[in-house]
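Colleague:
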Amino acid sequence: MLGSASALVPRWVVSNRDDSLLARGQWIGYLLFFKILKVLNKLINWVPILGSGSLVSVGETKKVGYWPESILEDVELGVRFFINGLRVRYIDNVVVGVEAPVNYHAFVKQQLRWSFGTGYILRKYSLAILRRRHGFTVLLYLSQYFAYVLQLLSILMLVIMSIVGIAISLWAFAILIVLVVPTLITYLYVLLKLDKENGGNPRKDIFAINSINLAYVMALPRIAIASIMGLLGIDKFEWIPTPKGSQKWAREGINLLPEITMTILIIIAFVMVIAHMLLINLLIVIPYLAGYIRGLWRIIEGTL
């Protein structure tokens with residue numbers, strides 16, 4: 001059944017997508033994720049995750065050291081297959097139902113495990129990955145969580161510039177608009193197109209997309225810090241299954257200090273850009289202000 005491949009990876013579909021807007025947003029996100037996996041499979045005959053529903057050769061698994069005791073064991077096993085030259089094939093017409101977190105508290109726990117685990121895998125295997133053909137492509141894929149580190153740094157720089165009174169130049173703002181706006185429009189178009197093709201209602205599901213993006217924005221400092229901690233080998237992360245399915249209404253409390261701190265920083269930046277009369281800075285701060293205030297309110301209210 002495996003043929004020339006050492007492992008087969010099916011397509012995941014979120015089975016509890018109607019439980020909440022956040023769960024539905026993840027369903028749409030998975031549609032895009034597996035489109036990317038399909039392209040990656042065609043490009044380098046490998047996909048990065050040997051998770052739910054995957055069919056793996058026992059003999060090849062023995063060669064790479066069996067299933068690793070790791071916080072992100074499915075991705076680490078996929079990386080081990082790659083550095084040992086074993087083919088992992090994606091099967092698009094085989095579907096496995098998975099459950100997604102239905103609230104922000106569970107979502108954060110999942111993202112912290114994934115971001116910390118990815119950082120750990122990069123620290124452990126980066127050199128071995130780069131020695132293989134297509135290694136840079138694999139490393140680039142695995143580094144996606146570090147985009148949150150860059151985004152966090154850019155927000156902190158914006159806050160500092162706003163407080164000190166440093167104006168963002170018009171040409172820098174123009175470049176930002178040219179790069180960001182078309183990218184966001186394309187991203188939204190692709191998600192809504194996939195949503196419609198898979199039986200969704202784009203007019204309603206745009207709110208689900210908003211919810212999942214809002215969750216990522218609110219979790220940004222946590223994800224960025226967890227990625228760095230995993231990469232540097234700082235501290236350990238306790239593997240706890242993400243609350244899903246029947247536990248969807250259980251809201252375990254989490255410390256909202258990172259979310260509150262970021263919201264306060266953005267509010268301070270907003271006040272200072274008005275005080276300094278920095279129009280361009282204001283145009284950049286306002287979307288963050290709206291997002292963080294709305295996101296924090298929804299978390300506290302229990303609707304995210």
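For what it's worth, our numbering labels the leading residue of the sequence shown as 1, then goes sequentially. The beta-carbon is built from N, C-alpha and C at its ideal position, and this holds for glycine as well.
#1: Along the alpha helix (DSSP H) that carries residue 217, what are the first and last residues, could you check?
#2: So, using beta-carbon positions, are residue 145 and residue 118 closer together than 7 Å?
#3: How many angstroms separate the CA atom of residue 247 from the CA atom of residue 19?
#4: On a Cα-Cα basis, can you pick out the residue from 297, 42, 261 that is closest to residue 152?
#5: Along the chain, which unbroken stretches of the beta strand (DSSP E) at least 3 residues long are found entirely within the stretch 50-138?
#6: Count the other CB atoms, across all protein chains shown, that sit within 10 Å of the CB of residue 120; report buried if there are 16 or more and exposed otherwise.
#7: From 222, 259, 268, pick the residue whose C-alpha is nearest to that of residue 299; which is it?
#8: For the alpha helix (DSSP H) containing residue 298, name the first residue and the last one.
#9: What residue range is occupied by the uninterrupted alpha helix (DSSP H) comprising residue 24?
#10: Report yes if the C-beta distance between residue 6 and residue 60 is below 7 Å; otherwise report no.
#11: Of all the options 255, 257, 288, 280, which has the alpha carbon lying nearest to the alpha carbon of residue 268?
#12: Per DSSP, what are the beta-bridge partners of residue 171 in this structure?
#13: Whose CA, out of 209, 228, 270, lies closest to the CA of residue 29?
#14: Nearest-angstrom Cα distance between residue 276 and residue 158?
#15: Taking 7 Å as the cut-off, decide whether the C-beta atoms of residue 192 and residue 182 are in contact.
#16: Does the distance from the CB of residue 216 to the CB of residue 263 come in under 7 Å?
#17: Under a Cβ-count criterion, where at least 16 other Cβ atoms within 10 Å of its own Cβ denotes burial, should residue 125 be classed as buried or exposed?
#18: For the alpha helix (DSSP H) holding residue 257, just list the boundary residues, first then last.
#19: Consult DSSP for residue 5 and reduce its assignment to one of helix, strand or coil.
#20: Assign residue 235 to buried or exposed, taking buried as 16 or more other Cβ atoms, counted over all protein chains shown, within 10 Å of its Cβ.
#21: With which residues is residue 10 paired in a DSSP beta bridge?
#22: Count the other CB atoms within 10 Å of the CB of residue 302; is the residue buried (16 or more) or exposed (fewer)?
#23: For residue 13, which residues from the same chain have a beta carbon less than 8 Å from its beta carbon, with the 5 sequence-adjacent residues on both sides left out?
#24: Would you call the stretch 276-285 and the stretch 162-171 touching, i.e. three or more CB-CB distances under 8 Å?
#25: Quick check: residue 74 and residue 51, are their CB atoms within less than 7 Å of each other?
#26: Take the Cβ of residue 93 as the centre, count every other Cβ of all protein chains shown within 10 Å, and call the residue buried at 16 or more, exposed below.
#27: Are the CB atoms of residue 219 and residue 108 nearer to each other than 7 Å?
#28: Return no unless some Cβ of chain B is closer than 7 Å to the Cβ of residue 98.
#29: Please determine, among 81, 46, 271, the residue with the shortest C-alpha to C-alpha distance to residue 90.
#30: Mind checking whether residue 44 and residue 134 have CB atoms under 7 Å apart?
#31: Going by CA-CA distance only, name the one from 199, 65, 88 that's closest to residue 42.
#32: Express the C-alpha separation of residue 129 and residue 24 in angstroms, rounding to a whole number.
Modeller: Taking the definition as stated:
#1: Within the sequence shown, numbered from 1, the residue matching residue 217 stands at position 217. 202-232 is the extent of the alpha helix (DSSP H) around residue 217.
#2: Here the question's residue 145 lines up with position 145 in the sequence shown. Here the question's residue 118 lines up with position 118 in the sequence shown. Yes, the Cβ-Cβ distance between residue 145 and residue 118 is below 7 Å.
#3: The residue you call residue 247 lines up with position 247 of the sequence shown. The residue you call residue 19 lines up with position 19 of the sequence shown. Low local confidence applies: a pLDDT of 49 at residue 247 is under 50, so the model's placement there is unreliable, and no value is given.
#4: In the sequence shown, counting from the first residue as 1, residue 152 sits at position 152. Residue 152 has its Cα closest to that of 261, out of 297, 42, 261.
#5: List check, beta strand (DSSP E) in window: 88-98.
#6: As a first step, residue 120 must be located in the sequence shown, where it is residue number 120. Burial call: buried.
#7: The count along the sequence shown starts at 1 and reaches residue 299 at position 299. Measuring from the Cα of residue 299, the nearest candidate turns out to be 259.
#8: The count along the sequence shown starts at 1 and reaches residue 298 at position 298. That run of the alpha helix (DSSP H) goes 279-301.
#9: Residue mapping note: residue 24 aligns to position 24 of the sequence shown, counting from 1. Start and end: 21-44.
#10: Your numbering for residue 6 matches position 6 in the sequence shown. Your numbering for residue 60 matches position 60 in the sequence shown. Closer than 7 Å, so yes.
#11: Within the sequence shown, residue 268 is the residue found at index 268, counting from 1. Among 255, 257, 288, 280, the Cα nearest to that of residue 268 is on 288.
#12: The residue you call residue 171 lines up with position 171 of the sequence shown. None, per the DSSP bridge assignment.
#13: Looking up residue 29 in the sequence shown gives position 29. Shortest Cα-Cα distance from residue 29 to any of 209, 228, 270 involves 209.
#14: Position 276 of the sequence shown, counting from 1, holds the residue named residue 276. Position 158 of the sequence shown, counting from 1, holds the residue named residue 158. Cα-Cα distance, rounded: 14 Å.
#15: Looking up residue 192 in the sequence shown gives position 192. Looking up residue 182 in the sequence shown gives position 182. No; because the gap between Cβ atoms is not below 7 Å, this pair is not in contact.
#16: Counting from one through the sequence shown, the residue named residue 216 turns up at place 216. Counting from one through the sequence shown, the residue named residue 263 turns up at place 263. In this structure, residue 263 does not lie closer than 7 Å to residue 216 by Cβ.
#17: Against the sequence shown, residue 125 aligns to sequence position 125. Residue environment: residue 125 is assigned as buried (16 or more neighbouring CB atoms within 10 Å of its CB, all protein chains considered).
#18: Numbered from 1 along the sequence shown, position 257 holds the residue referred to as residue 257. DSSP places residue 257 inside the alpha helix (DSSP H), whose first and last residues are 257-276.
#19: Against the sequence shown, residue 5 aligns to sequence position 5. In this structure, residue 5 counts as coil in the three-state DSSP scheme.
#20: On the sequence shown, position 235 is the one that residue 235 refers to. Its Cβ having fewer than 16 others within 10 Å, residue 235 is exposed.
#21: One-based indexing of the sequence shown puts residue 10 at position 10. In DSSP, residue 10 forms a bridge with 91.
#22: Numbered from 1 along the sequence shown, position 302 holds the residue referred to as residue 302. Exposed, since its Cβ has fewer than 16 Cβ neighbours within 10 Å.
#23: Along the sequence shown, read from residue 1 onward, the residue named residue 13 stands at position 13. Excluding positions up to five away in sequence, the list reads 27, 30, 95, 96, 97, 98.
#24: yes
#25: By one-based count along the sequence shown, residue 74 stands at place 74. By one-based count along the sequence shown, residue 51 stands at place 51. In this structure, residue 51 lies closer than 7 Å to residue 74 by Cβ.
#26: On the sequence shown, position 93 is the one that residue 93 refers to. Classification of residue 93: exposed, given that the 10 Å Cβ count is below 16.
#27: Against the sequence shown, residue 219 aligns to sequence position 219. Against the sequence shown, residue 108 aligns to sequence position 108. The criterion of a C-beta distance shorter than 7 Å is satisfied by residue 219 and residue 108.
#28: Given the protein chain composition of this structure (a single chain), no chain B is represented.
#29: Counting from 1 along the sequence shown, the entry for residue 90 is found at position 90. Ranking 81, 46, 271 by Cα distance to residue 90 puts 46 first.
#30: Counting from one through the sequence shown, the residue named residue 44 turns up at place 44. Counting from one through the sequence shown, the residue named residue 134 turns up at place 134. Yes, these two residues count as a Cβ contact at 7 Å.
#31: Within the sequence shown, the letter at position 42 stands for residue 42. Taking only the C-alpha atoms, the option nearest residue 42 is 88.
#32: In the sequence shown, residue 24 corresponds to position 24, counting from 1. In the sequence shown, residue 129 corresponds to position 129, counting from 1. When the Cα atoms are used, residue 24 and residue 129 turn out to be separated by approximately 34 Å.
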